[in-house]
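Counting in the working numbering, the sequence shown runs from 2 upward without gaps.
Just so it is clear, CB atoms sit at the ideal spot from N, CA and C, and this is done for glycine as well.
Reading through the structure tokens given below for one structure.
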Amino acid sequence: MIGIGPFPIHVFTTIAAVLLAWMTARMVARRLPDVSYKAAGSMILDAVVWGLLAARLAYIAQWWEEYSATPMSMIAIGDRGFTWWAGVLVVVVYIWRRTRLTQALRGPVLAGVMAGVVAWVVAGGVLDLMQGSAPPLPDLQLVTLDQSPISLSEYAGRPVVLNLWASWCPPCRREMPVFEQAQTEFSDAAFVMINQGESAEQAQAFLESENLTLTDVLLDPSSSTMQAMRSRGLPTTLFFDAQGRLVDSHLGEITMPSLKDKMSRRFDLPSESSTDK
2 MIGIGPFPIH VFTTIAAVLL AWMTARMVAR RLPDVSYKAA GSMILDAVVW GLLAARLAYI
62 AQWWEEYSAT PMSMIAIGDR GFTWWAGVLV VVVYIWRRTR LTQALRGPVL AGVMAGVVAW
122 VVAGGVLDLM QGSAPPLPDL QLVTLDQSPI SLSEYAGRPV VLNLWASWCP PCRREMPVFE
182 QAQTEFSDAA FVMINQGESA EQAQAFLESE NLTLTDVLLD PSSSTMQAMR SRGLPTTLFF
242 DAQGRLVDSH LGEITMPSLK DKMSRRFDLP SESSTDK
């Protein structure tokens, strides 16, 4: 998994793109007569705020049924649920309207936006290439809750979602119902819940206390999966295709809309609830 400290690299690429847009707008404005470089930079930051809000609201609208079932998940922006094209569109419209009376400012600000968007797209492409060199589905020997040995390679041949969790981890506990629902809605994929560093008794006690029914719960007392996948914290969710290639990852609590979004984009697996409609 690619990141800096406990944060996903996508956070830093977005921040870097915004900074580049801000600096570009100011530099271009400095070269023009009667154009305030401070106003150009300020407008970029204002536009970014409106753009992020629009991108989030558009994503919520896209997955309204899932978000409405758990309204508090709407503010869980850590699920990285943003419709970026909608955000960029709102940024451009906002800048166009704000510069109706100061059209000399429009060029520098739009130049900043273009620089930021291009940098963000290029960074995303590089990250996708780096994702291709990530570790494959590890062939680790783990055990089930009843202490039966099992190898992760037994799940190969179909999409696999690995979730690394522990009962002491609050975000892990909160997202468990998401995977309980997902294993029913996406029956063509394997949802493998790998407990990190705890005993069978601890894991089983948690599952029973929360009335959770999860079909594939494995134990990893030595946290070897975290080491093999270079995970930086819990919970971590890893998405492998049928060939065992890592195609996506999520550090932190994942919501149902975000999980469904990744499943549909990475595996082209519509949920059974949507196909029944």
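My understanding is that residue i touches residue j, with C-beta atoms under 8 Å, so please give their C-beta distance in whole angstroms.
i, j, result
"R246", "P171", "Actually they are not in contact, since the Cβ atoms of R246 and P171 sit about 31 Å apart, beyond 8 Å."
"G234", "L252", "6 Å"
"A112", "S168", "About 52 Å; that fails the 8 Å criterion."
"R267", "D249", "5 Å"
"V89", "V122", "Incorrect: roughly 10 Å between the Cβ atoms, too far for contact."
"V12", "A48", "About 19 Å; that fails the 8 Å criterion."
"T237", "L165", "4 Å"
"M177", "L213", "6 Å"
"A18", "A87", "Between A87 and A18 the Cβ distance is about 17 Å, and since that is not below 8 Å, they are no contact."
"V110", "M24", "12 Å between Cβ atoms; not a contact."
Helix, strand or coil, according to DSSP, for residue i in the structure here?
i, result
"R266", "helix"
"T15", "helix"
"V49", "helix"
"V29", "helix"
"G234", "coil"
"E211", "coil"
"T226", "helix"
According to DSSP, what are the bridge partners of residue i?
i, result
"V161", "A191 and F241"
"Q197", "D221"
"S259", "In the DSSP output, where bridge partners are listed per residue, S259 has none listed."
"S250", "L239"
**Study point:** Cβ contact check for the segment 102-112 and the segment 33-40: 3 or more pairs under 8 Å
**Key:** yes
Check your understanding: Whole beta strand (DSSP E) runs in the segment 51-134 with 3 or more residues, listed along the chain?
Key -> none
Review point. Can you list, in chain order, the stretches of the beta strand (DSSP E) that have 3 or more residues and sit fully within the segment 137-187?
Key: 142-145, 150-152 and 161-166
Practice item. Check whether the segment 174-192 touches the segment 257-269, taking contact to mean three or more Cβ pairs, one atom from each stretch, closer than 8 Å. Key: yes
Check your understanding: With a cut-off of 8 Å, do at least 3 Cβ pairs link the segment 211-229 to the segment 187-203?
Key -> Counting Cβ pairs under 8 Å, three or more are found: they touch.
**Study point:** Stretch-stretch touch, CB-based, cutoff 8 Å, three pairs: the segment 78-87 with the segment 49-56
**Key:** Because the criterion of three Cβ pairs below 8 Å is met, the segment 78-87 and the segment 49-56 touch.
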